[in-house]
Amino acid sequence: MKSGLRFGLNFTTVTIESEGISSKPNMPMGIHFGLNFEIPFNKNFSIFSGFMLSSKGADYKIDTVDFSLTPAYIEIPVNTAFNFGFKAARISLFAGPYLACAIGGYEIVSGNGFKYLTFGAGRNNDLKYFDFGFNFGVGVNIKSLVVSAQYGLGLTDISPAKDMIMRNKVIGISIIFSK
Numbered sequence: 097m098k099s100g101l102r103f104g105l106n107f108t109t110v111t112i113e114s115e116g117i118s119s120k121p122n123m124p125m126g127i128h129f130g131l132n133f134e135i136p137f138n139k140n141f142s143i144f145s146g147f148m149l150s151s152k153g154a155d156y157k158i159d160t161v162d163f164s165l166t167p168a169y170i171e172i173p174v175n176t177a178f179n180f181g182f183k184a185a186r187i188s189l190f191a192g193p194y195l196a197c198a199i200g201g202y203e204i205v206s207g208n209g210f211k212y213l214t215f216g217a218g219r220n221n222d223l224k225y226f227d228f229g230f231n232f233g234v235g236v237n238i239k240s241l242v243v244s245a246q247y248g249l250g251l252t253d254i255s256p257a258k259d260m261i262m263r264n265k266v267i268g269i270s271i272i273f274s275k
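Going by the numbering used here, the first residue of the sequence shown is number 97, and it counts up by one from there.
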């Protein structure tokens, strides 16, 4: 088993559908960092997982009001990887589910200022606690350094409101330093 530290950037959005109207948010940049674990089955297949802090969110403009939504999650991905190439440089194609739990975040609304997000299932909350989705991507492994790009598609509705659907979407670029 190999382990390592993971650092990277997220380009995120939260799609919103409400009363048949879809919004097109901008993609703000966030960060992610944490620990990564890889369990090889043979030279071509492995499972890699870990846990990381990941900031997600979106920026919107509705009429003349600007909104910025930035939740932070502890995320656990579990990806299956197909690895190929040479000993000096290997390529990994990976895919798998993730589970994330919100631990904080904030919202900025022009004219109203800054406020911390609240989480839960009731209408008085900003977002639900849990997000579940699917990742897929590619990585290049050169000795103890891995550079990867991935797309995470949220499958869970994170809106506590019954008349609104919200889903996370994340493009991530990571550098993993492994031992």
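Just so it is clear, CB atoms sit at the ideal spot from N, CA and C, and this is done for glycine as well.
Positions of the beta strand (DSSP E) runs, each at least 3 residues long and wholly inside the stretch 176-243, are given as 185-205, 209-212 and 226-238 in order along the chain. In this structure, DSSP gives Pro136 an extended state, which the three-state scheme calls strand. Taking Thr214 as the centre and dropping the five residues before and after it, the same chain places the C-beta of Asn221 and Asp222 closer than 6 Å to its C-beta, in chain order. Note on Phe232: under 16 other CB atoms within 10 angstroms of its CB, so exposed under the neighbour-count rule.
Relative to the Cα of Gly229, the nearest Cα in the group Lys275, Val266 and Glu113 belongs to Val266. Between the alpha carbons of Phe182 and Lys152 lies a gap of roughly 35 Å.
Taking the CA atoms as reference points, Asp259 sits about 28 Å from Asn106. Exclusion of the five residues before and after Ser99 leaves Leu131, Asn132, Phe133, Ser274 and Lys275 as the residues of its chain whose Cβ lies within less than 7 Å of its Cβ. When DSSP states are grouped into helix, strand and coil, Asp259 belongs to the coil group. Phe103 is positioned such that its CB atom lies closer than 8 Å to that of Phe129.
Residue Leu189 holds the alpha-carbon nearest to the alpha-carbon of Tyr247 among Ile261, Ile199 and Leu189. With respect to Ile254, Lys224 sits close: the two C-beta atoms are nearer than 8 Å.
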